[in-house]
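Everything in the sequence shown is counted per full-length UniProt numbering, starting at 1 for the first residue and increasing by one.
Glycine included, C-beta positions come from ideal geometry on N, C-alpha and C.
Computed from a predicted model, the values in this text were never measured in an experiment.
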Amino acid sequence: MWKKPTSGRVKINVDAAFSPENMTGATGAVARDDRGDFIAATSCFISHVTSAKSAEVVAIRNGLILAMTIGCNSLILESDSSNAVDIINQEDYLGQEVSIYMECRHLGSDFAKVEVIHCFREANSVADSIAKNALSTRSSMVWDEGVPDFISLQIVNDLAIV
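What follows is the structure in C-alpha cells.
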C-alpha cells in the first residue's frame, strides 16, 4: 500500500549504475514527502543499455513513473547527472536517447508541476545505493511498506542533515 504524499511537493532522487563490460545498467529512485520522510523507492535492472548517459536518462523516466504510481501531482526530480538533466530540460532533443526523452516529456505532461534539477552526488547517495544494488543483484524491486535495510542508515543520515 503506497503512503499517500502530503499536500506539499514530493521530491524524487534518481540515479543510475552502468557496467561497460557487459552493457547492463540499473536505476534507483527514492520518493520523499515535503518533510523528507520516505514514501517509496524502486529499482530497475536494465539488461542492455548503450551508455551511462542513456542509463541516467532512463533513471529520470523511472523517477517519473514512480511519481505517477504513488499519486503525486507536483514534484521535484533530482539527478546528479547534469547531462541527463540538460537533455530532459531541452525543448527539442534529437540525440541517441530521443525515445526516452520523448517518453519523459509525455510522462511529465501528466503532472501539475515538474522540475528536473541537478543535485550534487553527495545529496544523491540513497538513489545511488539503490541503483548499485539493482546492478549487482540484477533485479528490479519496489519498496512501499518501509525503507529497505541496505539504505536505512542513509535515509536516517539524510534526515539528520535536513
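DSSP has residue i in a bridge; who is on the other side?
i	result
Glu-78	Asn-13 and Ile-117
Met-141	Ser-43
Ala-26	Ala-17 and Phe-45
Arg-32	Lys-11 and Phe-38
Could you give the C-beta distance for residue i and residue j, rounded to a whole number, given that I count them as a contact under 8 Å?
i	j	result
Ile-100	Arg-61	6 Å
Ala-67	Val-10	6 Å
So, is residue i buried or exposed, given that buried needs 16 or more other C-beta atoms within 10 angstroms?
i	result
Asp-33	buried
Ile-46	buried
Asp-15	buried
Ile-130	buried
Asp-152	The sequence given here has Ser at residue 152, not Asp. Result: exposed.
Asp-92	exposed
For residue i, verify whether its CB is less than 8 Å away from any heavy atom of the ligand ZN.
i	result
Ile-70	As for the ligand ZN, it is missing from this structure, which has no ligand bound.
If you follow the alpha helix (DSSP H) that residue i is in, where does it begin and where does it stop?
i	result
Gly-63	52–69
Gly-108	98–108
Among the options, which residue has its Cα nearest to the Cα of residue i?
i	options	result
Ala-55	His-118, Asn-157, Leu-107 and Met-23	Met-23
Gln-50	Val-10, Ala-31 and Gly-25	Correcting the residue type first, residue 50 is Thr in the shown sequence and not Gln. With distances taken between Cα atoms, Thr-50 lies closest to Gly-25.
Ile-12	Ile-65, Asn-89, Lys-132 and Asn-83	Ile-65
Glu-103	Pro-148, Ala-123, Val-57 and Thr-42	Val-57
Trp-143	Thr-69, Ala-52, Ala-59 and Gly-8	Thr-69
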